[in-house]
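Here the structure is laid out as C-alpha cells; the discussion comes afterwards.
Residue numbers (UniProt numbering): 1 to 148.
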C-alpha cells in the first residue's frame, strides 16, 4: 500500500505542549515537505510540530558491552553516618553534668565547655565564632548567640 504525502489539513500525531500528551493534530503549516506547525484536535492550541519520539535502537559492541548493559547498577556503599546523639555522648563523657554553665546570650563561652540550655538541655561548645557558639546537644548541633 502506497503512503501518500502529507499536506496541510491532514491529521498527524504530535506531542501537545498544553495537554502534555501524544495526540492527533491537524497540520497547519509545512515547509519543504516537512510538518512545521500543528493544531491540537483536543484542546485547540496551535504550536510547532513535535513528532513522537521513537525508542533508540541498542547497539551491541560485543559480549562485554552486552553484559555491562544488562548488569544492574549499584550505588557505592557509604559508611554509616554517626548520629548526633552518638557524637554528643562522646563529647559529654569527660564532663560532670552538674557543673554545666547556664546558657545566656550575653555569656562568654570557650570551646569544650559544658553548658545547660533551658530548651535543648546539656551541650558541649564545639566552636566559637564572632558573636555565636556552635553547641552539640543530644538532638543535634545548634548555633547560638553569645558574646564570644
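Just so you know, even glycine gets a beta-carbon here, dropped at the ideal spot from N, CA and C.
The residues 13 and 22, in chain order, have a CB closer than 6 Å to that of residue 52 in the same chain once the five nearest residues on each side in sequence are set aside. The DSSP assignment places complete beta strand (DSSP E) segments of no fewer than 3 residues inside the segment 74 to 130 at 114 to 117 and 121 to 129, in order along the chain. In the DSSP annotation of this structure, the continuous segment of the beta strand (DSSP E) that includes residue 13 starts and ends at 11 to 15. As the crow flies, the alpha-carbon of residue 33 is around 26 Å from that of residue 43. Taking C-alpha positions only, residue 48 is separated from residue 5 by approximately 19 Å. In summary, residue 123 is buried, with 16 or more beta-carbon neighbours lying within 10 Å of its beta-carbon over all protein chains present. The C-alpha of residue 88 lies about 6 Å from the C-alpha of residue 137.
Around residue 148, the same chain offers 108, 109, 128, 129, 130, 131, 132 and 133 as residues with beta carbons nearer than 8 Å, after the five sequence neighbours per side are excluded. For the set 8, 117 and 111, the Cα lying nearest the Cα of residue 98 is the one of 117. For residue 50 and residue 27, the gap between their C-alpha atoms comes out near 12 Å.
Here residue 45 is exposed. Its C-beta has fewer than 16 other C-beta atoms within 10 Å. For the options 140, 15 and 145, the alpha carbon positioned closest to that of residue 83 is the one of 140. The closest CA to that of residue 17, considering only 106, 40 and 95, is found on 40.
Around the beta-carbon of residue 31, fewer than 16 other beta-carbon atoms lie within 10 Å, marking it exposed. Excluding its 5 nearest sequence neighbours in each direction, residue 9 has C-beta neighbours in its own chain below 8 Å: 26 and 27, listed in chain order.
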